[in-house]
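Worksheet for the structure shown next.
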Amino acid sequence: MAAVELYHYHPSFILALVALGLFSASTVVCLLQMIRCRTWFFIPFLLGCIVEAVGYACRVVSASESPDWTFVPYAVQTFAFLLGPSLITASIYMILSKIIIALDADIYSLVPVKVIPKVFIFGDAVALAAQFTGAGILINATSVSQQRTAQLIIIGGLAFQIYFFGFFTSVLHIVHSRIIDNPSRLSANLTIPWKRWVIVLYITCGLLIARSVYRVVEYATGPLDILQATEIYFYVFDAGFVFLVTLLLNIFHPRQLATVSTDDLQDIETVVVSPSKPPAQYQPPRTPPKYLQPPPYLPSIRLLCTIINKEDLQRWLTIVHGLTELTRASILL
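Take the sequence shown: its position 169, counting from 1, is numbered 202 in the working numbering, and each next residue is one higher.
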């Protein structure tokens with residue numbers, strides 16, 4: 034494969050090395066925090082940081098080979114930059130579910146708290162499968178038409194990811210606004226900084242949605258547009274935004290949520306929010322006022338709960354696999 038088909042510019046060795054150092058530092062910090070605070074639910078975040086670091090390590094290799102780039106480093110970084118943010122978002126889903134449990138605010142959520150991570154991780158998995166399919170076609174493309182087809186598949190995966198992440202942001206906003214309007218007793222008595230974490234979730238959601246929008250525009254405008262032909266945009270809107278997310282989660286590490294689990298929902302008498310604090314006795318929260326139905330563009334709770342059934346999940350995976358094979362066969366023809 035000709036070198037010009039891999040990059041539309043000469044990758045910067047310095048920028049790649051700086052990004053590698055930043056994500057490596059974030060990985061080390063996350064590992065130390067996770068071991069010290071036993072926040073094992075942050076393992077996906079740790080894996081996301083590792084994957085990002087591996088991607089930029091491969092980019093360092095590509096930059097050192099310029100202009101005679103080899104295929105393997107380019108292919109590894111292509112998949113790494115798609116997988117890393119999805120792993121990071123999995124921990125973001127866990128943070129929201131644990132905040133809801135700690136506040137005893139399940140009644141305020143559009144999606145039952147026990148299935149929040151499953152629902153949104155499933156959406157990310159479908160989006161990631163489409164992006165991986167497109168990326169696999171793209172790195173092996175030998176013609177402009179194949180490149181364009183691959184880019185359209187990736188755009189579809191990114192658009193689906195934006196939709197699900199936008200829905201997650203809606204769930205976050207609705208829970209936050211409802212508990213502000215009608216606080217539970219735990220929300221007033223807890224000393225954990227849950228409001229700070231909610232603000233962090235708002236910021237990280239905004240950054241990740243903006244990053245996905247940038248990738249959609251990048252692939253939609255094609256390889257000859259300024260976004261794909263200028264490296265600095267990638268480091269600002271992809272590497273920069275993702276690193277800001279990791280930095281925020283490093284600084285505001287939710288260590289107090291380590292002991293919160295869905296088991297706490299089964300006992301309405303106690304909820305343990307920190308190993309250093311005794312169980313908090315509380316009365317069941319009063320019933321909130323009747324709220325308007327979710328906007329029509331949001332999936333219903335019944336639909337989301339149906340999606341995560343084992344049989345339906347297997348059916349969805351079969352459909353995705355069939356579409357993947359059909360797309361690949363049509364391109365080869």
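Quick reminder that beta carbons are idealized off the backbone N, C-alpha and C, glycines included.
Just so it is clear, the structure is predicted and the values come from calculations on it, not from any experiment.
Hey, out of the options, whose CA is closest to residue i's CA?
i      : options                        : result
Arg211 : Gln289, Leu136, Phe74, Ala52   : Leu136
Arg92  : Pro77, Arg71, Ala123, Ser45    : Ser45
Val152 : Ala183, Val204, Ala174         : Val204
Phe200 : Phe270, Val144, Gly189, Ala158 : Val144
Leu171 : Asn215, Ala108, Ile128         : Ala108
Val94  : Leu48, Leu65, Ala162           : Leu48
Leu161 : Thr122, Lys147, Met127, Val146 : Thr122
His206 : Ala253, Tyr268, Tyr141, Thr166 : Tyr141
Leu39  : Ser176, Leu65, Thr202          : Ser176
Tyr252 : Thr202, Pro106, Thr60, Thr182  : Thr182
Gln180 : Val269, Asp101, Gly255, Tyr268 : Gly255
Gln289 : Thr60, Gln66, Val61            : Gln66
Gly189 : Ile213, Thr166, Cys70          : Thr166
Just to confirm, is the Cβ distance from residue i to residue j under 8 Å?
i      : j      : result
Ile187 : Ser245 : no
Leu240 : Ile125 : no
Ile149 : Ser130 : yes
Leu80  : Leu50  : no
Leu191 : Gln164 : yes
Tyr266 : Leu257 : no
Gly156 : Phe104 : no
Leu138 : Ser217 : First, the amino acid is wrong: residue 138 is Ala here, not Leu. In contact: Ala138 and Ser217 (Cβ atoms closer than 8 Å).
Ile133 : Val231 : no
Phe276 : Ala243 : no
Phe78  : Leu282 : yes
Ile68  : Pro287 : no
Ala272 : Ala96  : no
Can you tell me where the alpha helix (DSSP H) with residue i in it begins and where it stops?
i      : result
His209 : 177-214
Ile132 : 104-135
Phe75  : Phe75 -> no alpha helix (DSSP H), and no H or E assigned at all.
Lys151 : 149-172
Tyr252 : 227-254
Thr279 : 274-284
Tyr266 : 264-267
With a cut-off of 8 Å on the beta carbons, I'd call residue i and residue j a contact; round off their distance for me.
i      : j      : result
Cys63  : Phe74  : The Cβ separation is near 12 Å, so there is no contact.
Phe285 : Arg229 : 6 Å
Ser12  : His43  : Residue 12 is absent from the structure shown; the chain starts at 34 and stops at 366.
Thr237 : Val208 : No, Thr237 and Val208 are not in contact; Cβ-Cβ is about 16 Å, not under 8 Å.
Thr72  : Ala291 : 5 Å
So is the beta-carbon of residue i under 7 Å away from any non-hydrogen atom of the ligand PLP?
i      : result
Val177 : By its list of ligands, the structure shown contains no ligand whatsoever, and the ligand PLP lies outside what it can speak to.
Does any CB atom of chain D fall closer than 8 Å to the CB of residue i?
i      : result
Val144 : Reference to chain D is not applicable here, since this structure consists of a single protein chain.
Inset, instruction - Would you be able to state if there are at least three C-beta pairs under 8 Å between the stretch 82-92 and the stretch 111-129? - result: yes
Inset, instruction - Take every Cβ of the stretch 87-106, pair it with every Cβ of the stretch 51-66, and state whether three or more of those distances are shorter than 8 Å. - result: yes
Inset, instruction - Tell me, please, whether the stretch 214-234 touches the stretch 245-254 by the rule of three or more beta-carbon pairs shorter than 8 Å. - result: no
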